[in-house]
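Asks: One structure coming up, written as structure tokens, with questions to follow.
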Amino acid sequence: MLMSTLPDLAGRSFEVRGVVYSSDSLTLRKNKSSEALQGIIQEFCVQAAQLGADAIVDLKTALGGQESRTHCVMTGTAVKLL
């Protein structure tokens with residue numbers, strides 16, 4: 384699955400299929416944060432595939448929280464490349 388933080392892909396046309404969203408809590412423990420982040424990205428790809436997309440553009444990430452726990456929210460636009 385192609386992912387980009389840019390709102391478009393230079394030289395590529397696409398059709399918007401929908402918005403994808405995923406979130407999870409992250410901890411300061413390196414292995415646990417890595418697993419949670421991988422889960423967020425995997426959920427993103429599953430949602431996009433269910434919409435018939437083969438790329439996600441305009442990917443945004445927001446982090447917030449306190450001390451040892453952080454909440455990560457990712458959003459993006461699922462698109463089908465033409």
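In my numbering, the protein residues as written are 384 to 465. A virtual CB, placed ideally from N, CA and C, is assigned to each residue, including glycine.
(1) Roughly how far, in whole angstroms, is the beta-carbon of A419 from the beta-carbon of S405, given that I think they are within contact range, below 8 Å?
(2) Nearest-angstrom Cα distance between M457 and T410?
(3) Give me, in chain order, the residues of the same chain whose beta-carbon lies closer than 7 Å to that of A445; leave out the 5 immediate sequence neighbours on both sides.
(4) Can you tell me the Cα-Cα spacing of L464 and L442, whole angstroms?
(5) Quick check on the DSSP output: the beta strand (DSSP E) that includes S408 runs from which residue to which?
(6) Beta-carbon separation of A431 and G459 under 9 Å?
(7) Assuming contact is defined by CB atoms lying nearer than 9 Å, are V403 and F427 in contact in what I supplied?
(8) In angstroms with no decimal places, state the Cα-to-Cα distance between G326 and M386.
Replies: In short, the structure shows the following:
(1) The residue labelled residue 419 in the question sits at position 36 within the sequence shown. The residue labelled residue 405 in the question sits at position 22 within the sequence shown. At roughly 10 Å, the Cβ-Cβ gap does not stay under 8 Å, so A419 and S405 are not in contact.
(2) As a first step, residue 457 must be located in the sequence shown, where it is residue number 74. As a first step, residue 410 must be located in the sequence shown, where it is residue number 27. When rounded, the distance between both Cα atoms is 17 Å.
(3) Translated into positions along the sequence shown, residue 445 becomes position 62. If we look at A445 and ignore the five residues flanking it on each side, its Cβ neighbours are V456.
(4) The residue you call residue 464 lines up with position 81 of the sequence shown. The residue you call residue 442 lines up with position 59 of the sequence shown. Looking at the two C-alpha atoms, the distance is approximately 16 Å.
(5) Against the sequence shown, residue 408 aligns to sequence position 25. Per DSSP, S408 belongs to the beta strand (DSSP E) from F397 to T410.
(6) On the sequence shown, position 48 is the one that residue 431 refers to. On the sequence shown, position 76 is the one that residue 459 refers to. The answer is yes: Cβ separation under 9 Å.
(7) The sequence position of residue 403 within the sequence shown is 20, counting from 1. The sequence position of residue 427 within the sequence shown is 44, counting from 1. Their beta carbons are under 9 Å apart, which means V403 touches F427 by this criterion.
(8) This structure leaves residue 326 out entirely; the chain is present only between 384 and 465.
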